[in-house]
């Protein structure tokens, strides 16, 4: 049982680390996008339009990255909880037998 608890705890810890890193990454990239927005407001012409297009694509990619990291964290968290429940169910099933088996020897 301690092995299962350790693995479940490690999975929860890993999921929390994904969330922490995702939050940090999103904060850093949000700051970058804000700085780029100030630059693009001062820039005119075709180069500015091309830059704005790339910036918008980048923002969409960041959104997908954020979603992927959040989904991964949730998947790890859910797997850890399922793993723990499965182990508890198995222990309960085995415990209910109460040693009532007669083995032919």
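In my numbering, the protein residues as written are 28 to 132.
Backbone N, C-alpha and C define an ideal beta-carbon position, used for all residues, glycine too.
Cβ-Cβ distance between residue i and residue j below 8 Å
i: residue 49; j: residue 96; result: yes
i: residue 60; j: residue 86; result: yes
i: residue 82; j: residue 68; result: no
i: residue 103; j: residue 65; result: no
Residue burial classification, residue i (beta-carbon count within 10 angstroms, cutoff 16)
i: residue 107; result: buried
i: residue 38; result: buried
i: residue 35; result: buried
Under the three-state DSSP convention, the category residue i falls into
i: residue 72; result: coil
Contact belief for residue i with residue j at Cβ below 8 Å, rounded distance in angstroms
i: residue 45; j: residue 99; result: 6 Å
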